[in-house]
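If you're matching positions, the sequence shown starts at 6 in this note's numbering and goes up one per residue.
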Amino acid sequence: MTTPLATPGDMVDLHPSTMSLDGKQLTVLVKTQDVEIIQLLIPKGSSIPTYQAEGEIILHCVEGRVSLAVLGEPHELRAGQLLYLALNEPFSIEGLEQASVLATIIAPKQGPNVELIGGQKPS
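Take a look at the structure:
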C-alpha cells in the first residue's frame, strides 16, 4: 500500500512545474476508507492504459491538456476542466501536453445507514 503524501491539515502544491516530468509519475495525495486523491503527472506523448477504478471518479486537469478515452469516445480535458465518471467506468489517458491531472476516487457507499447529500436515503 502506498503511503499518502498528505495528512489532515497538510497543504499540497499541485503545480508540477517544480517536479520532473521525465516519465509518468503517480502520487497518492490522500487515501481514506471513502476517498483517494491521486496526482498523475503525464508527459506529452505518453499514455496511461485503460484503468477502471472501484468507485466513482472525478478527473480534474490542473495543468496542460490530455485526451481521455471514455465510453468509447475521446474527450479532451484542458487545465481548469474536470470530467465525472460513473461507478467502475473504464478510461485511459494520453498526454497532449505536459499535464497534471487529479484523480479523485470515491468509494461506493454500502449498508443500511447510507445517506446522500441532502439527507435522502437511496431506495
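Ideal Cβ positions, reconstructed from N, Cα and C, are used throughout, including at glycine.
Just how far apart, CA to CA, sit residue i and residue j?
i, j, result
"isoleucine 111", "leucine 87", "15 Å"
"glycine 132", "leucine 34", "Limits of the chain in this structure are 6 at one end and 128 at the other, which puts residue 132 out of reach."
"glutamate 94", "glycine 77", "11 Å"
"threonine 12", "glutamate 102", "30 Å"
"alanine 58", "lysine 36", "14 Å"
"glutamate 61", "threonine 55", "15 Å"
"lysine 114", "valine 106", "25 Å"
What did DSSP end up calling residue i once you bin it into helix, strand or coil?
i, result
"alanine 108", "strand"
"proline 48", "coil"
"lysine 36", "strand"
"leucine 101", "coil"
"glutamine 86", "coil"
"glutamate 59", "coil"
"leucine 76", "coil"
"glutamate 94", "coil"
Leaving out five residues before and five after residue i in sequence, what residues of the same chain have Cβ atoms less than 8 Å from its Cβ?
i, result
"proline 79", "Ser72 and Leu73"
Between residue i and residue j, which are expected to be in contact by the criterion C-beta below 8 Å, what is the C-beta distance as a whole number of angstroms?
i, j, result
"alanine 108", "arginine 70", "Wrong, their Cβ atoms sit about 16 Å apart, outside the cutoff."
Figure out for me which residue from the options has the closest Cα to the Cα of residue i.
i, options, result
"serine 97", "Glu81, Glu68, Leu90 and Ile53", "Ile53"
"glycine 3", "Val40, Ala91, Thr12 and Leu45", "The requested residue 3 does not occur in the structure, where the chain is confined to residues 6 to 128."
"isoleucine 63", "Gly85, Met16 and Leu10", "Gly85"
"glutamate 68", "Thr55, Glu61 and Ile47", "Ile47"
"arginine 83", "Ile42, His65, Tyr89 and Ala91", "His65"
For residue i, which residues from the same chain have a beta carbon less than 6 Å from its beta carbon, with the 5 sequence-adjacent residues on both sides left out?
i, result
"aspartate 39", "Ala112"
"valine 75", "Phe96"
"glutamate 81", "Ser72"
"valine 17", "Ala11 and Leu34"
"glutamate 41", "Ile110"
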